[in-house]
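Asker: The structure follows.
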Ligand code: HPA
């Protein structure tokens, strides 16, 4: 058996023994957005550390657990804390949690993150619906022997972020009166922030926001047949766009401030996605 699949199935068997909840949607919570779970009707939790072989997040401010519960009527699993490529994990390990949530039953992946704004029309605290992405200096999570049990060798990526789900999120934003921008997200390897020259280059490539996650998770989710949508919280203006130096503290503080609006938007979006089913 394929080594990545073997590892995934080992994690799944452990999770299955501990958790009976069947989520319909998987929500990945980015920096500063982890308190979303406080408003959930929580049924079960599973610490990443309880799963042998599961990659653990090492970033300050990122918790490390799955939370299972209801967001309104929708059974969901939340990742409170994700793992990043810059932590030293292989990209295959970085997407293991995504694949695990698919095996748990999730048909939809809702990705969130904190990102730097490249588009000059963006300001800190804005939300951006992700329409598409670019990977920069990050390998595809599908490199290596294909996991035939999950998907095909050469999956199509012409609509990674589902148009139908994007409309559902846009409607949620309108219903809740939350301003929502949209744009292309570029994933870099990190962990350093970008240089101003890189940001200028990314802007010319067509990117509107930059971060260190999300793209690879979206690819893995599409490979295994999940529908995907995503929202970035613009936590800062990217290097050279803002005269200020960048810091993780600033990223977290802005995301924390935006958290109540974010919660409103995501809750409504999940309701709207649920009614599509
Ligand atoms: N660059 C990369 N990742 C980020 C940024 C940024 O400016 N802000 C939040 N995550």
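Residue numbers (the numbering used here): 11 to 287. Glycine included, C-beta positions come from ideal geometry on N, C-alpha and C. Note that this is a predicted model, so its numbers are computed, not measured.
Using CA coordinates, which residue listed in 185, 193, 203, 222 is at the minimum distance from residue 216?
Answerer: 193
Asker: Thinking C-beta only, is residue 125 closer than 9 Å to residue 203?
Answerer: no
Asker: Examine the ligand HPA and report whether any of its heavy atoms sits within less than 8 Å of the Cβ of residue 198.
Answerer: yes
Asker: Per DSSP, what kind of secondary structure is residue 264 in: helix, strand or coil?
Answerer: helix
Asker: Pick helix, strand or coil for residue 285, following the three-state DSSP scheme.
Answerer: helix
Asker: Near residue 286, which residues of its chain fall below 7 Å by C-beta distance, leaving aside the five closest residues on each side in sequence?
Answerer: 174, 178
Asker: Near residue 145, which residues of its chain fall below 6 Å by C-beta distance, leaving aside the five closest residues on each side in sequence?
Answerer: The answer, listed in chain order, is 197, 225.
Asker: Please list the terminal residues of the continuous alpha helix (DSSP H) segment that includes residue 103.
Answerer: 101–104
Asker: So residue 249 and residue 201 are supposed to be a Cβ contact under 8 Å. How far apart are they, rounded?
Answerer: Not confirmed; about 14 Å, so no contact.
Asker: Is residue 171 helix, strand or coil when you go by DSSP?
Answerer: coil
Asker: Are there any heavy atoms of the ligand HPA lying less than 8 Å away from the beta-carbon of residue 180, as far as the coordinates show?
Answerer: no
Asker: Three-state secondary structure (DSSP) at residue 191?
Answerer: strand
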